[in-house]
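Take a look at the structure below.
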Amino acid sequence: MPDSLHCRIVEIADLPLYDPDLDNDPRPEPWVRFRREIAEADGVLFVTPEYNRSIPGALKNAIDVGSRPYGKSVFSKKPAAIVTASPGSLGGFGCNHHLRQCCVFLDMPTMQQPEAYLSNISDEKFGRDGAILDESLAKLLGKLGQAYAGWVDLITAGRAGLA
Ligand SMILES: Cc1cc2nc3c(=O)[nH]c(=O)nc-3n(C[C@H](O)[C@H](O)[C@H](O)COP(=O)(O)O)c2cc1C
């Protein structure tokens, strides 16, 4: 990632399933923490595997949690990009495009190019510590990082211009 992007992982594993009946004070603490972390970020880079040709339930739940209460979505207007990865040859294409569909309703300006369907991902491409072991994959991800940094700058500057 270029120096201008300070990336960090936002935990989603502890989020209770979204239920509007629980969305009153006091709310589940993990929902409050998750919404705060997304609200503080300048953008959201989704990186996910594909489950049954779609979005893994845990990620979809996180999207649902962040999108409510209605009218108070923390995702609104945040520049997004989507990376899907799979041990198979399709690179999570189905999930990638289902996620794009969510981003339309979430009103997230979503980077169109370069697309990132990372296929045939294995321990030979990523080390257990997350290190990238494959040179062509490193190049591709480098280009993606540059493009996303530019996208965040563009959308942020555009928003400032409109304010
Ligand atoms: C419930 C489930 C459904 C899956 N469905 C797909 C799928 O539709 N397409 C795909 O490429 N991989 C699928 N996979 C494999 C995941 O891509 C793979 O598990 C993921 O990359 C995480 O890797 P890991 O299981 O080695 O941690 C599925 C895995 C699970 C557990």
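Using UniProt numbering, the first residue of the sequence shown is number 1, and each one after it goes up by one.
Ideal placement from N, C-alpha and C gives every residue a C-beta, glycine not left out.
This structure is a prediction, so every number in the text was calculated from the model and none was measured.
Could you check how far apart the C-beta atoms of residue i and residue j are, in whole angstroms? I think they sit under 8 Å.
{"i": "G43", "j": "P2", "result": "Between P2 and G43 the Cβ distance is about 13 Å, and since that is not below 8 Å, they are no contact."}
{"i": "L144", "j": "V83", "result": "7 Å"}
{"i": "V65", "j": "L99", "result": "In fact, because the Cβ distance is near 15 Å, the residues do not count as touching under 8 Å."}
Ordered along the chain, which non-local residues of its own chain (more than five positions away) have a Cβ less than 7 Å from that of residue i?
{"i": "S67", "result": "S73, F75, L106"}
{"i": "I121", "result": "A85, S86, P87"}
What separation, rounded to the nearest whole angstrom, lies between the Cα atoms of residue i and residue j?
{"i": "S136", "j": "G91", "result": "15 Å"}
{"i": "R36", "j": "D21", "result": "20 Å"}
{"i": "E115", "j": "Y148", "result": "11 Å"}
{"i": "C95", "j": "I63", "result": "14 Å"}
{"i": "S4", "j": "I155", "result": "15 Å"}
{"i": "G130", "j": "P26", "result": "37 Å"}
Buried or exposed, going by whether 16 or more other CB atoms sit within 10 Å of the CB of residue i?
{"i": "residue 164", "result": "Lying before the first or after the last residue shown, residue 164 is absent from the chain, which here runs from 1 to 163."}
{"i": "E40", "result": "exposed"}
{"i": "L162", "result": "exposed"}
{"i": "V104", "result": "exposed"}
{"i": "C7", "result": "exposed"}
In chain order, what residues of the same chain lie with their CB nearer than 6 Å to the CB of residue i, ignoring the 5 residues before and after it?
{"i": "L118", "result": "A85, G91"}
{"i": "R53", "result": "G94"}
Can you list, in chain order, the residues of its chain whose CB lies under 8 Å from that of residue i, leaving out five sequence neighbours each side?
{"i": "I132", "result": "K125, F126, A138, L141"}
{"i": "L17", "result": "N61"}
{"i": "C56", "result": "Correcting the residue identity first, residue 56 is Pro in this sequence and not Cys. Closer than 8 Å at Cβ, skipping near neighbours: T48, P49, E50, C95."}
Discussion item. Please give the ranges of any alpha helix (DSSP H) in the UniProt domain "NADPH-dependent FMN reductase-like" (7-120), keeping only runs that are unbroken, at least 4 residues long and fully inside the region.
Written reply: Within the UniProt domain "NADPH-dependent FMN reductase-like" (7-120), the complete alpha helix (DSSP H) runs of at least 4 residues are 29-40, 57-67, 93-105.
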